[in-house]
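Reading the sequence shown from the start, the letters are residues 1 to 634 in the UniProt record's numbering. By construction, the Cβ of each residue, glycine as well, lies at the ideal position given by its N, Cα and C atoms. Only one structure is covered here, and it is reproduced in the block below.
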Amino acid sequence: MINDFRIHSFSEYKKEYKKSVKDPEKFWDKIAENFVWQQKWEKPLEYDFEKADFKWFQGGKLNITENVLDRHLEKNGNKTALIWEPNNPLEETRIITYRQLHSKVCQFANVLKNNGIEKGDRVCIYMPMIPELAIALLACARIGAVHSIVFAGFSSSAIASRINDSQCKVLVTANEVYRGTKPINLKAICDEALKDCPSIQTCIVYRRAIEPTSMVGGRDKFWMDEMHKVDDNCPAEIMDAEDPLFILYTSGSTGKPKGMVHTCGGYMVETAYSFDNIFQMEHNDIYWCTADIGWITGHSYIIYGPLACGATSVMFEGIPSFPDFGRFWEIVEKLKVTHFYTAPTAIRSLARESLDYVEKYDLSSLKVLGSVGEPINEEAWHWFNDYIGKGNCPIVDTWWQTETGSILISPLAGITPLRPTFATLPLPGIQPVLMDEQGKEVEAVNEKAEGRLAIKFPWPSMARTIYGDHKRYIETYFSTFPGYYFTGDGAYRDVMENYRITGRVDDVVIVSGHNLGTAPIENAINEHEAVAESAVVGYPHDIKGNALYAFVILQDGVQGSPELEAEIKNGVSKLIGAIAKPDKIQFVSGLPKTRSGKIMRRILRKIASDETDFGDTSTLLDPDIVTVIQKGKV
Ligand code: WT7
C-alpha cells in the first residue's frame with residue numbers, strides 16, 4: 001500500500017495508541033506526512049472546545065483528488081480503482097482504472113467549470129450508485145466546489161430543503177434508475193424539487209436509462225453533451241487544509257436536517273489512515289462496501305479512504321434481494337471480493353432466508369468482514385461469522401457517525417482480539433470516555449462501566465460546523481458535556497476496555513441503519529389536516545434493528561381509519577422519504593405530558609416496546625393516559 005502507517009500487531013497498536021494520547025499533535029503530524037501536499041502546514045492543530053473551533057493542519061495546501069487519483073498514476077495507473085456492478089446482473093460490469101477515473105473526473109470538472117462553478121460553490125448531487133456519481137463527487141473536489149450529496153431515496157421536498165439550505169448552484173442527477181424491478185424516475189423527482197430552488201442555475205442529467213426525458217430549456221443539460229464540449233485536462237485547485245470539501249445532511253432533534261461540513265486536510269488524512277489500518281488490505285485485494293455513497297459510509301469508505309490508499313473498491317447499484325437473496329454472495333464469488341463491509345440490517349434480512357442462497361456460491365475469497373450503522377446483535381454476528389466468514393474472517397464492527405467523518409472505534413482486522421457485538425477499541429488518536437449522569441467521566445478502568453459516549457480530544461476528520469448554523473453545532477455536540485464532543489450514543493465498557501455501543505440516548509432512531517430524527521417525522525405527520533399532534537418513538541424490530549411507532553392525536557371529531565393511516569404514511573414518504581414511514585400508527589386521545597407540556601417519550605418508548613415498568617409517572621399531568629394508550633396498542 002502507498003501509505004506508510006500500517007500497524008501490524010496488537011503490541012504495535014498499543015504502542016501507537018499510547019503515543020497518540022501522549023502527544024496527539026505529533027502523532028497526526030507524522031501520519032499527515034504520508035500525503036501529497038502542495039505546501040506543508042504550519043501547525044497540526046489549534047482548537048477551542050468552548051467555541052467549537054477546530055483547525056487541523058492549518059496553512060497546509062492540498063487537493064484531495066491529487067491524493068486519491070494523480071498520486072497513483074505513475075505506478076498504479078492501470079490498477080482498477082472502481083468495479084461497478086449493475087442492478088441487473090445481465091448488464092455488464094464496468095471496470096475503471098485509476099487512469100480512466102482521473103481522466104473522467106478532470107473532464108467532468110471542466111463541465112462544472114463551463115457551467116459557472118467556481119471554488120467554494122455548492123453542487124448538489126442526487127444520483128444512483130453508478131460510476132458517474134463517484135466522478136461527479138471527485139470532480140467537485142478537483143475544482144474546490146463543495147459537494148452536497150443527497151441520497152437518491154429522499155423525496156423532492158427533502159432535496160429542495162437541502163439545496164436551499166446551502167444554496168447549491170448546480171444539481172447533478174440521472175434520468176431513470178431501477179432498484180430491483182422498480183423503476184424510479186429521479187429526474188421527475190428533481191423537477192418537482194426544482195420548483196422551489198431559485199439558486200439552481202443548471203441541472204446536469206446522466207442518461208442511465210434510454211427513456212425519453214423531459215428537459216427544461218436553458219436549465220437542463222445532458223451529461224454526455226456537456227462532456228463532449230471539454231477535454232480532460234484540469235489542474236487541481238489548490239485548497240487550504242481547512243477549506244470545506246463537502247456538506248452532508250444528517251437528521252437532528254429539530255425538524256431541520258443538519259448540514260455537516262467536512263474539510264479537506266483532516267478528512268483526507270484520517271479516512272485513509274483508518275481505512276488502511278482497520279481493513280488491512282493487500283495490493284490485489286478487492287474491497288466491497290455495500291453502503292450508498294449518499295451516506296457518510298459511502299463518502300469515506302467507498303470513495304475517499306479506499307482510493308487514497310490505492311485500493312480497488314466495488315460499487316453496487318442494486319439491492320440484496322434482486323434477482324434473489326443470493327445477489328451479494330453471487331457478487332462476492334464473481335469479483336473475488338476479499339473485504340466485505342455491510343450493515344447489520346442487511347445481515348439480518350439475509351439470515352432470515354434459506355442458507356441455499358449462501359451455499360450456492362464460493363465465498364473462499366473473503367478475508368475480512370465489516371459491520372456498520374447500528375449495534376450488531378449476537379445472532380447476526382454469529383450468522384455473519386459462521387456462514388459468510390466460515391469462522392475464518394475477522395469481523396470489524398466499526399463505530400462512527402456522519403459527524404466523525406471516519407471510524408473512531410473498531411477492531412483492526414486480524415490484530416485486535418474480537419468480542420462479538422463489541423466495536424472494541426478506539427483507533428489511535430481517538431480518546432473516548434463514558435460520562436455519568438452528573439456529567440463526570442466514569443473513571444473505572446479495568447472495571448465494567450456504562451455511560452454516555454463522549455470524545456475527549458479533537459480528531460482530524462471531525463465535522464467543523466453545521467452549514468450556516470455554528471450555534472446549533474455548539475449546542476448539539478459541545479454543550480451537554482463542556483470540553484467534550486457528545487456522540488448521542490450510550491455505551492458499555494468491559495474490563496478489557498472494549499466498547500459496546502448500546503444505541504442512541506437522544507431523539508434519533510436508527511432504522512435499518514438509517515439515522516432518523518423523530519422531530520422531522522412528527523412535523524411531517526402533523527402536516528396532515530386531520531392531525532392535531534403526534535409523537536414518534538423507536539421500538540426494537542427483528543430485521544430493521546428499530547422501527548418507528550407513531551402516536552397520533554386527531555383533530556376534534558375526526559375518526560381514525562386505515563385510510564387515514566395510509567394517508568399519513570404517504571405524507572411522511574412524500575415529505576422525507578419512504579425510509580421515514582412509521583411502521584405503526586396508533587390513534588390516541590392524549591399523550592403523556594409533564595406539567596410543563598413536555599412529552600415523556602421514555603414512557604411512549606416503553607409502551608411501543610411492550611414494556612410495562614414505566615417508572616415514576618407522578619410528574620405527569622394525567623397519569624391515567626398511560627394505561628389508556630397501553631390498552632390501545634397496535
Ligand atoms: C449512528 C450514526 C457512520 C456510520 C453510518 C451511520 C450508530 C453506527 C455503529 C456500530 C453501534 C453504530 C450510532 C451512531 N452506529 N455504527 N458499529 N455499532 N452503533 O452514520 O447516520 O451518522 O449514524 O449510527 O448510533 O451514533 P449516521
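A distance below 7 Å between beta-carbons, with the five flanking residues on each side excluded, links G577 to the following residues of its chain, in chain order: G153, F154, S155, A158. Taking a cut-off of 8 Å for Cβ pairs, the stretch 221-235 and the stretch 102-111 touch, as three or more such pairs fall below it. Distances from the CA of R6 to each of W400, T290, L427, G632 were compared; the closest alpha carbon is that of L427. Judged by DSSP in its simplified three-state form, T627 adopts helix. Counting only runs of 3 or more residues that sit fully inside the stretch 565-630, the beta strand (DSSP E) segments are 584-588, in chain order. Around the CB of H262, 16 or more other CB atoms lie within 10 Å, so the residue is classed as buried. Cβ-Cβ distances below 6 Å link T312 to T80, I286 in the same chain, with the five nearest sequence neighbours on each side left out; the list follows chain order. Between G310 and Y357, the C-beta gap is not smaller than 7 Å, which leaves the two residues out of contact. For F279, the secondary structure class from DSSP, reduced to helix, strand or coil, is helix.
Taking the C-beta atoms as reference points, P458 is found nearer than 7 Å to F54. Taking 7 Å as the cut-off, the beta carbon of K40 is found no closer than this to the beta carbon of Q58. Look at G60: its beta carbon is at least 6 Å from all of the heavy atoms in ligand 1.
Short note on N515: C-beta closer than 6 Å to some heavy atom of ligand 1.
N88 sits in coil when the DSSP states are folded into three classes, being neither helix nor strand. Rounded to whole angstroms, F275 and I407 show a C-alpha spacing of 8 Å. Annotation for W400 indicates a beta carbon within 6 Å of some heavy atom of ligand 1. Buried is the label assigned to V572, since at least 16 other Cβ atoms lie within 10 Å of its Cβ. In chain order, E85 place their CB closer than 6 Å to the CB of I331, counting only its own chain and leaving out the 5 sequence neighbours on each side. In terms of Cβ geometry, T338 and S371 do not form a close pair [threshold 7 Å]. Assigned with DSSP and collapsed to three states, D232 falls in coil, not helix or strand.
The C-alpha of I607 is placed about 13 Å away from the C-alpha of T617. Ranking K51, G513, K61 by CA distance to the CA of W37 puts K61 first. Within the same chain, and ignoring the five residues on either side of R504 in sequence, the residues whose Cβ sits closer than 7 Å to its Cβ are G488, D489, I510.
Secondary structure at C197: coil, using DSSP grouped into helix, strand and coil.
Given a length threshold of 3 residues, each whole run of the beta strand (DSSP E) inside the stretch 481-540 is given here in chain order: 485-493, 499-504, 508-511, 514-517. Sixteen is the threshold: since fewer than 16 other Cβ atoms of the shown chains lie within 10 Å of the Cβ of T594, the residue is exposed. Here the C-alpha atom of L137 lies approximately 6 Å from the C-alpha atom of H147. By the Cβ-count criterion, L90 is exposed, with fewer than 16 other Cβ atoms from all chains shown falling within 10 Å of its own Cβ. K581 sits buried, since 16 or more C-beta atoms from the chains shown fall within 10 Å of its C-beta. Distances taken from the Cβ of R122 to the heavy atoms of ligand 1 include none shorter than 6 Å. Taking a 10 Å sphere around the C-beta of M268, we find 16 or more other C-beta atoms and assign the residue as buried. Residue nearest to D386 within the set G405, L355, S410, I409 is L355 (criterion: CA-CA distance). Contact annotation, P183 with E176: C-beta distance approximately 6 Å; criterion of less than 8 Å satisfied. A530 is not a Cβ neighbour of Q559, given a cutoff of 7 Å.
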